[in-house]
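Protein chains in written order, with the working numbering: chain A, 9 to 254; chain B, 91 to 154.
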Amino acid sequence: MNEVPELRESARIATHATIVPPGQTGAALWLKITLAQGLLNTAAQRFWSQDDLARVFPSFLLELYSVVRCSVPLMAAALERATELAETDGLAARTAAYLKQHIEEEWNHDEWLLNDLVAGGMDRSTVLSRAPSAGVARLVGAQYCWIRHAHPAALFGYLAVIEGNPPLDGHLDEIQLLTGYPPETFRCLHLHAADDIEHLRELRATVMELPLSEADAALIATSAFATVQGLVSVFEDLTKQRANRE
Amino acid sequence: MSDPQSKLQRLEDAGILEQKQFSTEEIALVATITDEEIDVLVRLRQKLGAPSADKNHIRPNFIV
Numbered sequence: 009m010n011e012v013p014e015l016r017e018s019a020r021i022a023t024h025a026t027i028v029p030p031g032q033t034g035a036a037l038w039l040k041i042t043l044a045q046g047l048l049n050t051a052a053q054r055f056w057s058q059d060d061l062a063r064v065f066p067s068f069l070l071e072l073y074s075v076v077r078c079s080v081p082l083m084a085a086a087l088e089r090a091t092e093l094a095e096t097d098g099l100a101a102r103t104a105a106y107l108k109q110h111i112e113e114e115w116n117h118d119e120w121l122l123n124d125l126v127a128g129g130m131d132r133s134t135v136l137s138r139a140p141s142a143g144v145a146r147l148v149g150a151q152y153c154w155i156r157h158a159h160p161a162a163l164f165g166y167l168a169v170i171e172g173n174p175p176l177d178g179h180l181d182e183i184q185l186l187t188g189y190p191p192e193t194f195r196c197l198h199l200h201a202a203d204d205i206e207h208l209r210e211l212r213a214t215v216m217e218l219p220l221s222e223a224d225a226a227l228i229a230t231s232a233f234a235t236v237q238g239l240v241s242v243f244e245d246l247t248k249q250r251a252n253r254e
Numbered sequence: 091m092s093d094p095q096s097k098l099q100r101l102e103d104a105g106i107l108e109q110k111q112f113s114t115e116e117i118a119l120v121a122t123i124t125d126e127e128i129d130v131l132v133r134l135r136q137k138l139g140a141p142s143a144d145k146n147h148i149r150p151n152f153i154v
C-alpha cells in the first residue's frame, strides 16, 4: 500500500485531462519516454563532439562509475519495496519480477568497469573512495524518493532512459581513438553495446504489458523526464568543470 | 487542455518530434501527452537548443 498517497494523487491530477485508448497506456508511456530520450541525445551529442574530449573523458568515466555503482543497490531497494507491496499490487508484482531478473543481468558490472578504469591508469582506491557528485546524487536520489514514497515502478522511467541509447561499437572505437585510452578501458562498455539493445527490448516489452493506471504511467513518465534532466545536468557539469580549469 | 493536433504542432514546432519519423499509431498517442508534460519537454528543448543538423547525431548517454 502506498504510504504517501498525496504523491500518487498529484500524479493522477497531472493526467486527468487525457484520455488514453484502452490497452494503450504502456504504448503512450513509451512514446513519452522516447520523446524525452531524443532530447538527451542532443546533450550527449554535444558532449561527445567537444574538441578536447580527452581532457574531460576521465571525469566522465568517474561519473559513469558512480552511476553504475549505484545501479544494483538502487534496483535492490526497488525490488525490496515492490516485494513488500506485491501481494496486493499487481504492478508491484510485475516490477519485482522484472527487477529480480535485471539485477542478475547487471550484477558485478561496477567491478568490471572499475577493472577497466584501473587498466586505463586510474588508481583503484582513489576511484572507490570518490563520493558520487551532486549531479549523480540528484539523479539517483530522486529514484529512492519515488521508490519509497510513491511506487517502485517509478524506476522503469529511470531504466528506460538510462538504458535507452546504448553505445555502438563503432562509436566506442571512435572515443577510444579521440581520447587515447587503451582498449582495456572499453571492455565493459563494449559489452554493454551488445547487451543493452536486448535489455532495452526486454524493458520495452515489460513496460508495454504493465498493468498501469494513468497515475502509474504519469509517475513513470515523471521519473523518465527527471532522469533526462539529471543526465543533461551531469553532462553540463562535466563540460563546465573543464571550462573552469582552463 | 489543448486538442491533439495543437499538441502535435507544439511538439513539432519545438523540435521535439518530426511527424514523418513516427507511425500513425504513435502520432495518435500524442493526444495522451498532457499539457504539463509537453511544457517539461519544451522547456528542456529550449534549454538544450536546437539538435545538431548532423545526421549522425545519435550518441550514447551514460552506459550502465
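Backbone N, C-alpha and C fix where the C-beta goes; we use that ideal spot for every residue, glycine too.
Rounded straight-line distance, which links the Cα of residue j to that of residue i
| i | j | result |
| --- | --- | --- |
| W56/A | A35/A | 31 angstroms |
| G41/A | P191/A | Sequence inspection shows Ile at residue 41/A; the Gly mentioned does not correspond to that position. Approximately 33 angstroms, taken between the alpha carbons. |
| K137/B | G105/B | 12 angstroms |
| D60/A | P66/A | 12 angstroms |
| R38/A | E217/A | Looking at the sequence provided, one finds Trp at residue 38/A rather than Arg. Straight-line Cα distance between these residues: approximately 11 angstroms. |
| R20/A | I123/B | With a pLDDT of 36 at R20/A, under the threshold of 50, the modelled position of this residue cannot be trusted; read the value that follows with caution. One C-alpha to the other measures close to 13 angstroms. |
| F233/A | G165/A | 8 angstroms |
| A90/A | V144/A | 24 angstroms |
| R212/A | A162/A | 14 angstroms |
| L125/A | Q32/A | 43 angstroms |
| S137/A | E127/B | 38 angstroms |
| G238/A | S96/B | 28 angstroms |
| A262/A | A94/A | One cannot answer for residue 262/A here, as it falls past the ends of chain A, which runs 9 to 254. |
| T193/A | S221/A | 43 angstroms |
| D97/A | V169/A | 25 angstroms |
| L70/A | V132/B | 31 angstroms |
| R132/A | N173/A | 28 angstroms |
| M130/A | L107/A | 31 angstroms |
| V120/B | D129/B | 14 angstroms |
| R156/A | E92/A | 11 angstroms |
| V148/A | W154/A | 10 angstroms |
| D103/B | F112/B | 15 angstroms |
| Y152/A | A226/A | 17 angstroms |
| L98/B | V215/A | 23 angstroms |
| T134/A | F68/A | 15 angstroms |
| A51/A | F243/A | 7 angstroms |
| A104/A | L87/A | 5 angstroms |
| V236/A | K248/A | 18 angstroms |
| L186/A | L99/A | 45 angstroms |
| A229/A | D125/B | 13 angstroms |
| G128/A | Q58/A | 21 angstroms |
| A142/A | L72/A | 13 angstroms |
| E116/B | D93/B | 16 angstroms |
| A202/A | H117/A | 14 angstroms |
Boundaries (first-last residue) of the alpha helix (DSSP H) holding residue i
| i | result |
| --- | --- |
| T91/A | 61-93 |
| F55/A | 33-56 |
| N123/A | 117-127 |
| K110/B | Element bounds for K110/B: n/a, residue is neither H nor E. |
| S133/A | 132-137 |
| G105/B | It is not in any alpha helix (DSSP H) - G105/B carries neither H nor E in the DSSP assignment. |
| L147/A | 142-157 |
| F164/A | 163-170 |
| T214/A | 195-217 |
| G139/B | Here G139/B belongs to no alpha helix (DSSP H), and DSSP marks it neither H nor E. |
| G255/A | This structure cannot speak to residue 255/A, because chain A is shown only from 9 to 254. |
| A100/A | 98-114 |
Inter-residue CB distance, residue i and residue j (contact presumed, cutoff 8 angstroms)
| i | j | result |
| --- | --- | --- |
| Q198/A | D224/A | The sequence given here has His at residue 198/A, not Gln. That belief does not hold up - the Cβ atoms of H198/A and D224/A are roughly 35 angstroms apart, past 8 angstroms. |
| S231/A | P140/A | Going by Cβ atoms, the distance from S231/A to P140/A rounds to 19 angstroms, so no, they are not a contact pair. |
| H200/A | P175/A | 7 angstroms |
| C196/A | W115/A | Their Cβ separation, rounded to whole angstroms, is 13 angstroms, which puts C196/A and W115/A out of contact at 8 angstroms. |
| L246/A | V64/A | 6 angstroms |
task: Pair every Cβ in the region 39-52 of chain A with every Cβ in the region 104-124 of chain A, then say whether three or more of these pairs are closer than 8 angstroms.
output: In short, these stretches do not touch, since the Cβ pair count stays below three.
task: Check whether the region 206-224 of chain A touches the region 78-87 of chain A, counting contact only when three or more Cβ pairs, one atom from each stretch, lie closer than 8 angstroms.
output: Judged by Cβ distances under 8 angstroms, the region 206-224 of chain A makes no contact with the region 78-87 of chain A, as fewer than three pairs qualify.
- prompt: Which residues, in order along the region 206-222 of chain A, keep a beta-carbon less than 8 angstroms from a beta-carbon of chain B?
  reply: So nothing in the stretch comes that close.
task: Check distances from the C-beta atoms of the region 126-139 of chain B to those of chain A and list, in chain order, the residues that come in under 8 angstroms.
output: Within the region 126-139 of chain B, the residues whose Cβ lies closer than 8 angstroms to some Cβ of chain A are E126, E127, V130, L131, L134, R135, K137, L138, G139, listed in chain order.
- prompt: If contact means a Cβ-Cβ distance below 8 angstroms, which residues of the region 92-111 of chain B contact chain A?
  reply: For the region 92-111 of chain B, which is checked against every Cβ of chain A, the residues closer than 8 angstroms are L101, I106, L107.
task: Report the residues of the region 228-240 of chain A with a CB closer than 8 angstroms to any CB of chain B, ordered along the chain.
output: Hits within the stretch, in order: A229, F233, V236, Q237, L239, V240.
query: For the region 39-67 of chain A, which residues have a beta carbon sitting closer than 9 angstroms to at least one beta carbon of chain B?
result: Look at the region 39-67 of chain A: the residues with a C-beta under 9 angstroms from a C-beta of chain B are L39, K40, T42, L43, A44, Q45, G46, L47, L48, N49, T50, A51, A52, Q53, R54, F55, W56, S57.
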